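So the protein sequences, as listed, match chains A and B. Position 55 of the first sequence, counting from 1, maps to 55 under my numbering, and the rest follow consecutively. Take any residue in the second sequence, note its place counting from 1, add 1000, and you have its number in my numbering. Cβ atoms here follow ideal geometry from the backbone N, Cα and C, with glycine treated the same way. Note that this is a predicted model, so its numbers are computed, not measured.
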Amino acid sequence: MAKLKVAFYWAASCGGCEIAQLQIGDKLLKLAEAVDIVFWPVAIDVKYKDVEAMPANSIDVCLFNGAIRNSEQEHMAKTLREKSKVMIAYGACSYIGGIPGLGNLFDRKSIFERVYTGTPSTDNGGKVFPQTKYTAPEGELRVPEFYDTVRTLRQTVSVEYFIPGCPPEEKTTWLALSALLSGQLPPVGAVVSSTEKAVCEECQRKRDVKKVKRFYRTYEIVPDAETCLLEQGIICAGLGTRGGCGALCPQANMPCTGCYGPVGDVADQGAHLLSAVASVIDSNDPAEVKKVVDAIRDPVGTFYRYSLPDSLLRRARIA
Amino acid sequence: MKQITIDPVTRLEGHGKIEIFLDDQGGVKNTYFQIPELRGFEKFAEGRLAEDMPQITQRICGVCPEAHHLAATKALDALFHVDPPSPAKKLRELLYSSFYVTDHTTHFYILAGPDFVMGPDAPVAERNILGVIGKVGLELAGAVIKTRMQNHKVIQMLGGRPVHPVFGLPGGVSKAITEEQRKEIEAIAAESVEFAKLTLKVFEDVVLKNKAYVDMITSDAFTHRTFYMGMVDASNKVNFYDGSLRVVDPSGAEFAKFAPASYLDYVSEHVEPWTYIKFPFLKKVGWKGFVDGKDSGVFRVAPLARLNAADGMATPLAQQAYEQMYATLGGKPCHFTLAMHWARLVELMYAAERMLELSRDPEITSPNVRNIPKSTPDEGVGVVEAPRGTLIHHYTTDEHGVIRTANLIVATVNNAAAINMSVGKAAQALIQPGKEITEGLLNRVEMAWRPYDPCFGCATHMLPGHPAAPIFTYDSNGRLVKSYE
C-alpha cells in the first residue's frame, strides 16, 4: 500500500499544537513508517511554492492548526484545501477560534492603536503603523494583511474532521492518527475525541447537588480536593465541554476552561455553558439572582474562552 | 538592484522572512528581517479576569508557555498585593527549572545543533536532527529524547498539563506535591545534571575542537558590541525566576540595576512600518537605529546576555562552565553572537542543578502553597527570564480585578533590533560581489539569527528543521534571476 501523504501547517496559533503532535512519543516512529510528510514548514524542505505546484488532491491528509487572522493564513488554507483530499482542523484555534479568537471583541484599528501607539512602553510619536506594502529606500517590502475578524478553518474552507483541545492531548491526537492509518474513518464532520460527553463524565471529583448561592473566583478560595468545583461555587466549564482530555485541570484543583469545545452537536458552547451555570444558582429571588450573576464579570471570557469565532455571535459589533 | 528573499526562515518558532537588497555590484546594501504576524494579546486581554491571564497569555507561545504563565502569575502576586508562601515560590521555580532543561536541550540539539554537528555547508538533507542523530549516535539521541520526555512529565506533575500548565494563582499555586512525586522529580533532576555534563562535553568535542567553528564564532561577521540585560539574584548571579534586572554596557560596566516594576523607566519600544514586531531599546540611551555601540540603545537578552549581565552562576558546575567559557573566549563581556549557543549550555547546567537543589528542599512537599489575597487589586508587573530573554507582563485592573490594560514585552522582541543587525552584518560579510550565492552561504546568514533562538509568534521548537527557505534573486527591474528552493 502506498504511504499516506500528509501535510502539516500552522496559522494563527502558538506552537503548542506542534508540541502536542510530538507528545505521541515513540508512536512517532510508527507514524513515520506509514506516512510521507509532504509539507511541514518547520520540519522539511518544502516551500509554499512547492505546495502550489502540487496537483489538486495530491495530499491525502492535511492537519491544519491555528485560526485565520491574516491574508497569508487564508491563502494557505485555500491552497492546502485544494491540494488535500481530507482537511483536518487540529486544535482549538483551527476548530473553534481558540484564544486568539478573543480578538473578535475588537477590530484591527483598536488592536493596532493599542499595540503600536497605546502601550506605555511604546515610543511612537510619529504614529507609525505596519503597512502591508512599504517602499523602503532600497525597494518594496510586504507583510500580510491583518484582518478585523478571526475566523475558524471551516469558516474559510470546507473541513472533514475536527480534533479538539488546546492543545489536543496525546491520546486524542493518536485517536485521529490511528483512524487515518487504519483507514477506519469516522463520518465526515466528526469531532475526534474519545467521548461526545462532557468533561464531568471523566472527572474524578464527587458530584452531588449543584446549588450555589454565590460564585467564587479561583483566587478567592482553596477548594476541597474531592468535591465538584462547580458545587463549591467555582465556575467550571466541564459540564459544557467535550471530554477526552481526562479532566486534567480539575485534577490540578483548577476549573475546566472549555478548550475541547462544545459537547455532542451543541452549536454554541458559550450559550450552552451559560445556561448550565445559570441553572445551578440556588435562588428564585430576582434581586438575589442578579447579584449572583453580576459577580460574573467577564461572561465572554468565561463562557466563550476558546469558541467566540465559532459561536452564533462570532464577534463583537464595533460602533 | 537585486533583491534576495529568504521566506520563510526556518528552524525557529514562528514565521519570519529576510529581504536582502544588493547594489549593482552585488554587494549588500541593506537587509530587513520581517515578522509577518500579529495576534493582539495586549488588546484582547482588556476586559478579561486578571486571574485568567496566566492561562490566556501562555497561548502566546505553546513552546514556552511556562514563561508566560509564571510572568503573569508573578504580575498577579503584585496586582493583588499577596506574597506566596515560600513552598509555592519553590514549586514555581522547580517547574521552571525543569522547563529550562527541556527547552535549552531542544534548541541546542534540534534547532541549532545541525549547523555545528553537520556543518553549515552540509547537504540540506542531512542538516537536520536526523543527520545529528546519525552522527552523534543513537545513545545520545536517546538521552535527548528521554530528557525531554521526563521533564515534560515533571511539568505535568507540577502544573497539571504537559503543555499550557494551569497551576499559577495570585498568592501561590493550585496544588502541592507528594513525597512520592518529589522522589521521582529528584531522580529526573539528577539525570538531567548528568545530561548537561554530557552536552557540555559534546559541545567541547564537536565545536571547540574544530578550529573552523571557533574562528567563525569569534569572527567580526558574527559580532556586535551592545548592551546586555538579564535578571540577577542578590549576589548578582543569574536567576531565571526572580530578582533585579541588570544592564551592562558594551564594556561590561553596570549601566543600570532596577526592580522589574520600574521597567518603564528603562525600556521603550520603537515602531517600523515594514514589520509587525516592535524594537525595544534603552530609554536612557535612545533609539539611534539599527547600530551597536554605547551610544545606541539597542540591547540584547537571552543566554549570553544573561551571563554578560551577571557576575556568575549560583551553582557549582554551572559556575565552572561559565568560567571556562569566558576564559576561552577572551573575557567579559562576550560580544560573539554565536557564543550564545555555549552560554545556553552553561544555563542548561544551572537549570538542572537548580532543579536538583529544589527537589531536595525540605519544604518542597509542604501543603502550604497558597495565600488568599485580601487587598484590592490595582496594578502589577511580573518579570521572568524566558529562555529567549527577559519577559515582562504588566497589567492594570479595576477594583474587581478586571483587566483595564495589559503591556507585554516578550523575550524575543527585546532582541528584535539585534537580530536584524546580526543578519545584516553577516550578509554584508558573506555576500560579496562576484561570489556565487550558495545555499550554504545563505545558511550562514541564517546562522546569524539562529543563536537568538527566536520565538516569532511562537511555533514548534523541537522538530527537525530545514534552514534553506525559498530565496529569490531579482535584478533591478524586478525580474527573477535565480531561485534557490
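Environment of F1472(B) [buried if 16+ CB atoms lie within 10 Å]: Reading the second sequence from its first residue, position 472 is the one you call residue 1472(B). Residue placement at F1472(B) cannot be trusted, given a pLDDT of 38 that sits under 50; what the coordinates show is reported in the next sentence. When all chains shown are included, F1472(B) counts as buried.
Continuous alpha helix (DSSP H) assignments of at least 4 residues falling wholly in the segment 228-278 of chain A: 248-251, 269-278
Touching by the beta-carbon criterion (3+ pairs, under 8 Å), the segment 89-109 of chain A and the segment 118-134 of chain A: no
C-beta contact flag for I1177(B) and P1165(B) at 8 Å: Sequence index remark: in the second sequence, residue 1177(B) carries index 177 (1-based). Sequence index remark: in the second sequence, residue 1165(B) carries index 165 (1-based). Not in contact: I1177(B) and P1165(B) (Cβ atoms no closer than 8 Å).
Contact the segment 266-275 of chain A vs the segment 294-311 of chain A: 3+ CB pairs below 8 Å: yes
Coarse secondary structure for Y1241(B), derived from DSSP in three states: Along the second sequence, read from residue 1 onward, the residue named residue 1241(B) stands at position 241. If DSSP states are grouped into helix, strand and coil, Y1241(B) belongs with coil.
Members of the segment 1248-1265 of chain B that neighbour chain A once the beta carbon cut-off is set at 7 Å: L1264
Contact set between the segment 1265-1278 of chain B and chain A, restricted to residues whose Cβ is under 8 Å from the partner: V1267, S1268, E1269, H1270, V1271, E1272, P1273, W1274, T1275, Y1276, K1278
Proximity test, Cβ basis, 8 Å: K206(A) and chain B: Counting from one through the first sequence, the residue named residue 206(A) turns up at place 206. It does not: the Cβ of K206(A) has no partner Cβ on chain B nearer than 8 Å.
Under the three-state DSSP convention, the category P100(A) falls into: Counted from its first residue, the first sequence places residue 100(A) at position 100. Helix.
C-beta neighbour in chain A for P1065(B), strict 8 Å: Taking the second sequence and counting its residues from 1, one reaches residue 1065(B) at position 65. For P1065(B), the answer is yes, since a Cβ of chain A falls inside 8 Å of its Cβ.
Limits of the unbroken alpha helix (DSSP H) element including N1308(B): Your numbering for residue 1308(B) matches position 308 in the second sequence. From DSSP, the alpha helix (DSSP H) with N1308(B) extends over 1303-1309.
Length of the line joining the Cα atoms of V1144(B) and T1105(B): In the second sequence, residue 1144(B) corresponds to position 144, counting from 1. In the second sequence, residue 1105(B) corresponds to position 105, counting from 1. V1144(B) and T1105(B): Cα-Cα distance of roughly 7 Å.
Separation of P1280(B) from F1290(B), as counted between CA atoms: Residue mapping note: residue 1290(B) aligns to position 290 of the second sequence, counting from 1. Residue mapping note: residue 1280(B) aligns to position 280 of the second sequence, counting from 1. Their backbone Cα atoms lie some 11 Å apart in a straight line.
Simplified DSSP state of H1164(B), which is helix, strand or coil: Position 164 of the second sequence, counted from the start, is the residue given in the question as residue 1164(B). Coil.
Residues near M1053(B) by beta carbon distance below 6 Å, same chain, minus five either side: As a first step, residue 1053(B) must be located in the second sequence, where it is residue number 53. Around M1053(B): A1072.
Uninterrupted alpha helix (DSSP H) stretches inside the segment 1079-1125 of chain B (no shorter than 4 residues): 1086-1106, 1113-1117
Minimum C-alpha distance to K1257(B) - residue among V1247(B), G1172(B), A1386(B): The residue labelled residue 1257(B) in the question sits at position 257 within the second sequence. That would be V1247(B), whose Cα lies nearest to the Cα of K1257(B).
Cβ separation of L1158(B) and L1091(B), assumed to be a contact under 8 Å, to the nearest whole Å: On the second sequence, residue 1158(B) is found 158 positions in, with the first residue counted as 1. On the second sequence, residue 1091(B) is found 91 positions in, with the first residue counted as 1. Going by Cβ atoms, the distance from L1158(B) to L1091(B) rounds to 6 Å, so yes, they are a contact pair.
Status (buried if at least 16 other CB within 10 Å, exposed otherwise) for V188(A): As a position in the first sequence, residue 188(A) is number 188, starting the count at 1. Its Cβ having fewer than 16 others within 10 Å, V188(A) is exposed.
Under 8 Å between C-beta atoms of V1402(B) and G1047(B): Start at 1 with the first residue of the second sequence, and residue 1402(B) comes out as number 402. Start at 1 with the first residue of the second sequence, and residue 1047(B) comes out as number 47. For V1402(B) and G1047(B), yes; Cβs fall inside 8 Å.
Burial state of P186(A), where buried means 16 or more other Cβ atoms lie within 10 Å: Position 186 of the first sequence holds residue 186(A). The residue in question, P186(A), is exposed, as its Cβ has fewer than 16 Cβ neighbours within 10 Å.
Neighbouring residues, chain B, relative to C236(A) (Cβ below 7 Å): One-based indexing of the first sequence puts residue 236(A) at position 236. Residues of chain B passing the Cβ test: none, with the nearest at roughly 12 Å.
Opening and closing residue of the beta strand (DSSP E) in which T302(A) lies: Here residue 302(A) corresponds to residue number 302 of the first sequence, with the count starting at 1. Taken as a continuous stretch (DSSP letters only), T302(A) belongs to no beta strand (DSSP E), being part of the alpha helix (DSSP H) at 299-303.
Any 3 or more C-beta pairs closer than 8 Å across the segment 1304-1311 of chain B and the segment 1234-1254 of chain B: yes
Interface residues of chain B facing E138(A) [CB-CB closer than 7 Å]: Looking up residue 138(A) in the first sequence gives position 138. Within chain B, the residues near E138(A) are M1001, F1021, K1029, N1030.
Pick from T1223(B), L1430(B), P1085(B), Q1319(B) that is closest to R1354(B), judged by C-alpha positions: Within the second sequence, the letter at position 354 stands for residue 1354(B). The shortest Cα separation from R1354(B) among T1223(B), L1430(B), P1085(B), Q1319(B) belongs to Q1319(B).
Span separating the alpha-carbon of D1453(B) from that of R1225(B): By one-based count along the second sequence, residue 1453(B) stands at place 453. By one-based count along the second sequence, residue 1225(B) stands at place 225. Roughly 19 Å separates the two Cα atoms.
Length of the line joining the Cα atoms of G1027(B) and L1430(B): On the second sequence, position 27 is the one that residue 1027(B) refers to. On the second sequence, position 430 is the one that residue 1430(B) refers to. So the alpha carbons of these two residues sit roughly 9 Å apart.
L1264(B) CB to nearest heavy atom of the ligand SAM below 7 Å: In the structure shown, the ligand SAM is absent, as is every other ligand, since no ligand is present at all.
Pair within 8 Å by beta-carbon distance, T241(A) and Y216(A): By 1-based counting over the first sequence, the position of residue 241(A) is 241. By 1-based counting over the first sequence, the position of residue 216(A) is 216. Not in contact: T241(A) and Y216(A) (Cβ atoms no closer than 8 Å).
Per-residue DSSP class, three states only, for Y216(A): Position 216 of the first sequence holds residue 216(A). Y216(A) falls in the strand class under three-state DSSP.
8 Å Cβ cutoff, N57(A) in contact with chain B: By 1-based counting over the first sequence, the position of residue 57(A) is 57. N57(A) does not count as touching chain B.
Beta strand (DSSP E) runs contained entirely in the segment 119-192 of chain A, provided each spans 3 or more residues: 133-136, 139-142, 146-151, 161-163
Simplified DSSP assignment, three categories, for A1459(B): As a working note, residue 1459(B) is residue 459 in the second sequence. Reliability of the predicted coordinates at A1459(B) is poor, the pLDDT of 27 falling under 50, and no value is obtained from them.
Cβ of A252(A) within 8 Å of any chain B Cβ: Within the first sequence, residue 252(A) is the residue found at index 252, counting from 1. Yes, contact with chain B.
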